[in-house]
Amino acid sequence: MKPTKSNLVPLCAALLLQLPCVASADYHVTQQGGSADTTSDNITVHERIRAGALDSTSGNIEIGLGASATKADTTSGNVSLGTGAQVHGRIDTTSGDVRLGARAISGQIDTTSGNVELQDESSAQMIDTTSGDVRLSEKARCRKIDTTSGNVKLARGAYVDGVIDTSSGSVNANFASIAGDVYTSSGSIWLEKSRVGDDVRTSSGDVTLLQSDIRGDLIIREKKCGWISWGCGDDSDQRVVIGAGTVIHGSLRIERKVALVIDPSARIGRIENRSNTLVPSMNLPAERVGGL
């Protein structure tokens with residue numbers, strides 16, 4: 003039958019209905035030195051394979067037990083490393099999560115909204131997120147953590163070799179160690195049985211220190227309002243607790259109104275109260291807590 007204008011459309015539809023449906027297949031890297039660059043396919047590197055660069059737009063990237071890659075880059079996919087796996091360069095994703103299995107190793111990890119988890123004894127050079135949360139499990143290590151609104155949580159034995167810096171995200175550490183500063187703008191800080199090698203600083207975040215060792219200062223900074231006064235009113239509900247067994251080797255420097263609680267067993271090098279509006283709440287004079 004010769005196709006005409008009247009029967010061409012149903013004929014084409016009939017032909018399309020007879021075609022098999024082909025789904026996107028996952029891309030498997032099974033040979034040493036293999037790489038992958040796909041649009042929507044998931045990428046899997048098999049166990050103990052040393053792969054090259056891995057790139058996918060929307061697919062997930064999975065690197066198996068003991069395997070490695072030079073880099074892993076995806077826009078909306080997740081990236082996961084199996085036990086002992088390694089990415090020598092950078093892991094980069096926009097909205098996907100990143101998970102490093104036990105004893106896995108990575109270079110810099112960058113996400114926008116994706117969460118980052120380092121499982122037991124894994125390590126990364128640096129973690130940088132916008133709104134994604136960061137979690138270091140037991141004995142995990144990282145050189146630096148930087149987030150905008152993402153929360154940071156460190157488990158027992160976790161170690162950050164440099165700074166933790168977040169704007170509105172919270173910092174929670176339990177039996178952990180941070181070699182540099184802990185810095186937030188409005189995020190809360192909770193340190194329990196943890197060590198900080200430098201300063202702990204915040205503007206409007208609550209601070210709780212329990213049996214922790216702060217080698218530098220604890221600084222509650224004055225909020226810089228500029229010519230806009232909105233949001234710079236009475237912040238007396240901000241709470242700073244220096245609990246039992248805590249040692250601050252430097253100064254407790256208060257530049258704004260806070261509700262301050264200091265346990266009698268805490269030790270502080272000196273107290274600098276630069277605010278004339280300090281809210282008294284079980285405040286102790288410097289001579290009761292100083293004298294390191």
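So the sequence shown is numbered by our numbering: it starts at 3 and just counts up by one. We put the beta carbon where it would ideally sit given N, CA and C, even for glycine. Fair warning: this is a prediction, and the values are worked out from it, not measured in the lab.
Looking only at its own chain, which residues have a Cβ that is under 8 Å from the Cβ of S169, when we skip the five neighbours before and after it? Locating residue 169 in the sequence shown gives position 167, where the first residue counts as 1. Only T149, T150, S151, T186, S187, S188 and G189 meet the Cβ criterion.
Could you give the first and the last residue of the continuous beta strand (DSSP E) run that contains K73? Within the sequence shown, numbered from 1, the residue matching residue 73 stands at position 71. Where K73 is concerned, the enclosing beta strand (DSSP E) starts and stops at K73 to T76.
Opening and closing residue of the beta strand (DSSP E) in which S82 lies: Start at 1 with the first residue of the sequence shown, and residue 82 comes out as number 80. From DSSP, the beta strand (DSSP E) with S82 extends over V81 to L83.
Assuming V118 and V100 are in contact, meaning their beta carbons sit under 8 Å apart, how far apart are those beta carbons, in whole angstroms? Indexing the sequence shown from 1 puts residue 118 at position 116. Indexing the sequence shown from 1 puts residue 100 at position 98. Yes, they are in contact, since the Cβ atoms of V118 and V100 sit about 5 Å apart, within 8 Å.
Beta-carbon proximity list for D163, same chain, < 8 Å, skipping 5 on both sides: Position 161 of the sequence shown holds residue 163. Cβ within range, chain order: R143, C144, R145, K146, A181 and G182.
What's the gap between the Cα of T113 and the Cα of S97? Stepping through the sequence shown from its first residue, residue 113 is reached at position 111. Stepping through the sequence shown from its first residue, residue 97 is reached at position 95. Whole-angstrom Cα-Cα distance: 7 Å.
So, at 6 Å on beta carbons, what are the nonlocal neighbours of M3 in its own chain, with the 5 sequence-adjacent residues on each side left out? One-based indexing of the sequence shown puts residue 3 at position 1. Legend: pLDDT at M3 = 44, less than 50; position of this residue unreliable, no value from coordinates given.
Fully enclosed by the segment 136-213, which beta strand (DSSP E) runs are 3 residues long or longer? DSSP runs (the beta strand (DSSP E)) wholly in the segment 136-213: 136-138, 147-149, 154-156, 166-168, 173-176, 184-186, 191-194, 202-204 and 209-212.
I need the DSSP call for A87, collapsed to helix, strand or coil. The residue given as residue 87 occupies position 85 in the sequence shown. Here A87 carries a coil assignment [DSSP, helix/strand/coil].
Taking Cβ to Cβ, would you say R223 is nearer than 7 Å to E257? Reading the sequence shown from its first residue, position 221 is the one you call residue 223. Reading the sequence shown from its first residue, position 255 is the one you call residue 257. Closer than 7 Å, so yes.
I need the straight-line Cα distance from Q240 to G207, nearest angstrom please. Walking along the sequence shown from the start, residue 240 turns up at place 238. Walking along the sequence shown from the start, residue 207 turns up at place 205. Taking the straight line from one Cα to the other gives about 7 Å.
Could you give the residue range of the beta strand (DSSP E) that holds H30? Locating residue 30 in the sequence shown gives position 28, where the first residue counts as 1. Y29 to V31 is the span of the beta strand (DSSP E), which, as asked, contains H30.
Straight-line gap, F177 to T41 (C-alpha atoms, nearest Å): For this step, residue 177 is matched to residue 175 along the sequence shown. For this step, residue 41 is matched to residue 39 along the sequence shown. The alpha-carbon atoms of F177 and T41 are separated by roughly 43 Å.
Candidates T85, D122 and V242: which alpha carbon is nearest A261's? In the sequence shown, residue 261 corresponds to position 259, counting from 1. Nearest of T85, D122 and V242 to A261, Cα basis: V242.
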